[in-house]
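Residue numbers (this note's numbering): 708 to 1341. C-beta atoms are modelled at their ideal positions from N, C-alpha and C, and glycine is treated no differently. Here the structure comes first, spelled out in structure tokens, and everything after it is commentary.
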Ligand code: COA
Ligand code: AMP
């Protein structure tokens, strides 16, 4: 493999991209096998803001699997499934992966799945989740993976929007202390959704077998074993590879669309440039396939680069202890570990001196990458001192699919500054803007935005929703993509991401919409109005807090109502929302035009100083809220 635009250090590489983006990405495209190479890097006249690699044809599964077998890497481990939840470790080589993916693709094709059809994948952290994704890619079908911690209603919303022809699911997931029966959740979701997929393939796990509905549900492994292997189907580079739903500002999730060509080029390029990994290296992203980090760095990027990827079914603590991450790194010779700061905080809490870490040989581990939320400097410094290796916080989003800012091991890693997400990746022109869309001076806080066009792998649009894409991301600052994050770019080009500018919160690295939770609370018969804000949490970064005003005449016990509300959010959104606190208040602070002052509420709950908003209806309420929230926080 070929010329890539990695030569020189970071500054040279970033300048090369700035000077000639088309030739930068054309060089990166050489790392990918094409059935029809692109005629140009970028077509500005296509799509909403342009499209990458027009006229090209490729297959992502071929690039992630088959080409490595053809290149003689068939016996190399492709996936190491390490599951402290079951006590099992299983390795799938590239040749075995090709065999399984081709057969599963054959089984899906026999059930009518073809290029462009959607397939929902609702799976725990087992190798079959990745196999299912790759089988879709092989057929040119479009997968949409739904995180297991979501409730049936969220799954139903995704089934309704994506209209899948087939669903891949497992009988259960394993969480510490409980078995999550996935199949009944799927059955409920399919009852709730007006769209009825014809086929479901169910991976039966030993811990809990699922009942199969005759005529619709079939045993996954039996179908795979009986199938004729299917070859890779070449698709247009601009064809969709997947849809990943993410929280928007309302209850309706946004279907982030990812294309085949831009995704393959950018992710392949990122493995060497950012993580410093090559074919044969072991890479571990301790995340979940249901999130973008899992899509990009458990499945696609390491496999596109011919690495071995670790797929871990467990938690950073409690499975069985806070040494698990270090055990996995030592046992499998992990070169680069990628996880969320919340996982490191959980480990730090249980093993502050690193006594468990000292039991393992981490000589092969070269760096730790963090993302999903801003890493608080004390945590970054703690883990850096403990490991004695570079710790890189890097900033990205479901929408981009890879890092907007980072430290670059393949470009001579510059000094990382705790609290900053590093410098802009080649491909991204990041600016902090004022309300009028003008760049603010370096070192001042503004809305973080990326100058259009976005680089390859970023969303070309939202699924079936070009207008929502424009409204959500492009209209606030014409000529820019609005990230929804606020922060600054300093004199040396480091980007500091401080907070969201919308009502998205980040709970244990999981992105959630407080608007969606408010919709659930507002649906309770006793609730007149409500607000949900994300408040600081020493482990999860943020957790949601619900405040409700009851309808006049409601006499039910407030604690009962609060319990109802907690149960409702769990039922409608899922346990992952970690919605554990709801309180009844007599009124909520509002502007004179009736808008609830959520940012002020959050500051009061976090004990921060706040300015009394000039537009507030009744300033006296703030003192009242302070008293109530302080009492709750105690
Ligand atoms: N399927 C079903 N339920 C799930 C689930 C899944 N895949 N993942 C989480 N849940 C449930 C949990 O069981 C828990 O339920 P509970 O309220 O009954 O206890 C709830 O969702 C919250 O889970 P989680 O966020 O994992 O919190 P936790 O308290 O169990 O663990 C941490 C705390 C910090 C250890 C954990 O959040 C963690 O490992 N975070 C890292 C997150 C991450 O990798 N993010 C990806 C971004 S890179
Ligand atoms: P998600 O789409 O789930 O990956 O969440 C993306 C959001 O998480 C971003 O918009 C940020 O708000 C936050 N985020 C992710 N990584 C970082 C980081 N390294 N620093 C600060 N915020 C981050």
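Continuous alpha helix (DSSP H) stretch holding residue i: start and end
i: residue 1309; result: 1305–1312
i: residue 1032; result: 1031–1039
i: residue 861; result: 859–869
i: residue 1222; result: 1221–1229
i: residue 898; result: 889–899
i: residue 1176; result: 1173–1176
i: residue 1289; result: Premise fails: residue 1289 lies in the beta strand (DSSP E), 1288–1291, not in any alpha helix (DSSP H).
First and last residue of the uninterrupted beta strand (DSSP E) at residue i
i: residue 1019; result: 1015–1019
i: residue 1158; result: 1153–1158
i: residue 822; result: Here residue 822 belongs to no beta strand (DSSP E), and DSSP marks it neither H nor E.
i: residue 907; result: 906–910
i: residue 1237; result: 1234–1244
i: residue 882; result: 879–882
i: residue 925; result: 924–926
Spatial distance of residue i from residue j (CA atoms)
i: residue 1213; j: residue 1087; result: 18 Å
i: residue 810; j: residue 1058; result: 44 Å
i: residue 1142; j: residue 1154; result: 8 Å
i: residue 1297; j: residue 1189; result: 27 Å
i: residue 669; j: residue 801; result: There is no way to answer for residue 669, as the model of the chain reaches only from 708 to 1341.
i: residue 1169; j: residue 874; result: 21 Å
i: residue 1195; j: residue 1302; result: 28 Å
i: residue 750; j: residue 1160; result: 10 Å
i: residue 1343; j: residue 715; result: The question about residue 1343 has no answer here: the residues shown for the chain are numbered 708 through 1341.
i: residue 1164; j: residue 1244; result: 33 Å
i: residue 1318; j: residue 1338; result: 21 Å
i: residue 1200; j: residue 835; result: 41 Å
i: residue 1335; j: residue 1125; result: 35 Å
i: residue 953; j: residue 963; result: 7 Å
i: residue 907; j: residue 842; result: 15 Å
i: residue 1192; j: residue 1209; result: 8 Å
i: residue 1187; j: residue 783; result: 43 Å
i: residue 983; j: residue 719; result: 17 Å
i: residue 988; j: residue 721; result: 25 Å
i: residue 1257; j: residue 1207; result: 29 Å
i: residue 738; j: residue 1060; result: 43 Å
i: residue 1182; j: residue 1080; result: 25 Å
i: residue 1261; j: residue 1267; result: 12 Å
Residue i vs residue j beta-carbon contact at 8 Å
i: residue 1132; j: residue 1105; result: no
i: residue 974; j: residue 1109; result: yes
i: residue 1251; j: residue 1229; result: no
i: residue 1074; j: residue 931; result: no
i: residue 1140; j: residue 1176; result: no
i: residue 1239; j: residue 1253; result: yes
i: residue 881; j: residue 831; result: yes
i: residue 865; j: residue 1013; result: no
i: residue 827; j: residue 891; result: no
i: residue 1134; j: residue 724; result: yes
i: residue 980; j: residue 1008; result: no
i: residue 812; j: residue 1010; result: no
i: residue 1415; j: residue 768; result: Nothing about residue 1415 can be read from this structure; the chain reaches only from 708 to 1341.
i: residue 1128; j: residue 1102; result: yes
i: residue 869; j: residue 825; result: yes
i: residue 1255; j: residue 1227; result: no
i: residue 883; j: residue 1026; result: yes
i: residue 1324; j: residue 1299; result: yes
With 16 other Cβ atoms within 10 Å as the buried cut-off, status of residue i
i: residue 1270; result: exposed
i: residue 840; result: buried
i: residue 1217; result: buried
i: residue 1327; result: exposed
i: residue 654; result: No information on residue 654 is available, as it lies outside the stretch 708 to 1341 that the chain covers here.
i: residue 951; result: buried
i: residue 897; result: buried
i: residue 1224; result: buried
i: residue 901; result: exposed
i: residue 916; result: exposed
i: residue 717; result: buried
i: residue 727; result: exposed
i: residue 761; result: buried
For the structure I just gave you, are there three or more beta carbon pairs, one from the stretch 803–815 and one from the stretch 1041–1058, closer than 8 Å? Flag = no, the stretch 803–815 and the stretch 1041–1058 do not touch.
Three CB pairs or more closer than 8 Å across the stretch 841–853 and the stretch 984–993: No, the stretch 841–853 is not in contact with the stretch 984–993.
For the structure I just gave you, are there three or more beta carbon pairs, one from the stretch 788–796 and one from the stretch 1001–1008, closer than 8 Å? No, the stretch 788–796 does not touch the stretch 1001–1008.
When the Cβ atoms of the stretch 1029–1045 are set against those of the stretch 1059–1077, are three or more pairs found closer than 8 Å? Output reads yes: the stretch 1059–1077 touches the stretch 1029–1045.
Counting beta carbon pairs with one atom in the stretch 936–951 and one in the stretch 917–927, are three or more of them shorter than 8 Å? The stretch 917–927 is not in contact with the stretch 936–951.
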